[in-house]
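Chemist:
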Ligand SMILES: [Zn+2]
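In the numbering used here, the protein residues as written are 1 to 283.
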């Protein structure tokens, strides 16, 4: 039997170097890819671009993040586990503070929310209950964003609230204690309906149940102190909410109607000035 064979010796075969990326995906024009392959290519490209951050030193990553918009920080923190770990720690608080301060006219973060929560409330357009997209209704008093279908599921009317808390509790003006919103129907001639935020009502009722005492005098004293503290807190929330509402109407440039009114006002002003100075301008 001959020692030579037609099969080439393995030691003489020079293998080409292994490519660092998928050649087919890299060289086939994007529009010629099959839809499934195109989606995979898009995903690979996205993951690959985000993986750059895994190799960037942490202090440089934080330095870059200082100049980002809060919505970009939210998107980054939801993209990979590594970025979530970097951004959702107390050490990264200064990054969020800086990103929020980059937004023109946005009020400071309130004391009852942390910065990522405030960014989420202000910029992330998903319903906080069903995650429906493009939700514009922000209920600042209740610190939630809600679509219209979730509004009545997660909120109580004044009658439902009266049934919810025990009759032994004598709470005057519950609308100054329990976070609430005034919901207006499409018919603006009718008065709005006051709706109380159900999870917050349940939390407050649990607090009241813990403070419930047999002694009538002690119970009455504790209830009045509790009501005073909650009224003070809610007054601060209402003031802050009013500022946020103002910002949302006049500073947030995603509101196209405001841009239209600003443009219309500018056109009217220019027209008025041109009319007043017509002698100097046209003669
Ligand atoms: Zn919803």
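The beta-carbon is built from N, C-alpha and C at its ideal position, and this holds for glycine as well.
In chain order, what residues place their C-beta within less than 5 Å of a heavy atom belonging to ligand 1?
Modeler: Chain-ordered list of matching residues: 127, 129, 130, 132, 147, 150.
Chemist: Consult DSSP for residue 118 and reduce its assignment to one of helix, strand or coil.
Modeler: Residue state, collapsed to three classes: helix.
Chemist: Helix, strand or coil for residue 193? Go by DSSP, reduced to three states.
Modeler: Residue 193 falls in the strand class under three-state DSSP.
Chemist: For residue 184, is the classification buried or exposed, using 16 other Cβ atoms within 10 angstroms of its Cβ as the cut-off for buried?
Modeler: Exposed, since its Cβ has fewer than 16 Cβ neighbours within 10 Å.
Chemist: Taking Cβ to Cβ, would you say residue 198 is nearer than 7 Å to residue 156?
Modeler: The answer is yes: Cβ separation under 7 Å.
Chemist: Rank 69, 139, 124, 82 by C-alpha distance to the C-alpha of residue 133 and give the top, closest one.
Modeler: Among 69, 139, 124, 82, the Cα nearest to that of residue 133 is on 124.
Chemist: Look at the alpha carbon of residue 159 and the alpha carbon of residue 195, and state the distance between them as a whole number of angstroms.
Modeler: For residue 159 and residue 195, the distance between alpha carbons rounds to 10 Å.
Chemist: Are the beta-carbon atoms of residue 154 and residue 118 separated by less than 7 Å?
Modeler: Their beta carbons are not under 7 Å apart, which means residue 154 does not touch residue 118 by this criterion.
Chemist: Which two residues bound the contiguous alpha helix (DSSP H) that contains residue 62?
Modeler: Its alpha helix (DSSP H) spans residues 58-65.
Chemist: So, using beta-carbon positions, are residue 87 and residue 79 closer together than 7 Å?
Modeler: Not in contact: residue 87 and residue 79 (Cβ atoms no closer than 7 Å).
Chemist: Look at the alpha carbon of residue 246 and the alpha carbon of residue 239, and state the distance between them as a whole number of angstroms.
Modeler: Those two C-alpha atoms are separated by around 11 Å.
Chemist: Count the C-beta pairs between the region 60-75 and the region 92-99 that are closer than 8 Å, then say yes if the count reaches three, no if not.
Modeler: They touch, by the three-pair rule.
Chemist: Which residues does DSSP list as the beta-bridge partners of residue 137?
Modeler: Partner(s): none; residue 137 has no beta bridge.
Chemist: Look at residue 177 and residue 230 and say whether their C-beta atoms are less than 7 Å apart.
Modeler: Yes, they are a contact pair.
Chemist: What three-state label does DSSP hand residue 182 in the structure shown?
Modeler: Residue 182 falls in the strand class under three-state DSSP.
Chemist: Determine the DSSP secondary structure at residue 131, reduced to helix, strand or coil.
Modeler: Three-state DSSP puts residue 131 in coil, outside helix and strand.
Chemist: Using three-state DSSP, classify residue 26 as helix, strand or coil.
Modeler: Confidence in residue 26 is poor, its pLDDT being 41 and thus under 50, which makes the residue's placement too unreliable to answer from.
Chemist: Checking 7 Å against the spacing of the C-beta atoms, do residue 135 and residue 127 come in under that value?
Modeler: Taking 7 Å as the Cβ cut-off, residue 135 and residue 127 qualify as a contacting pair.
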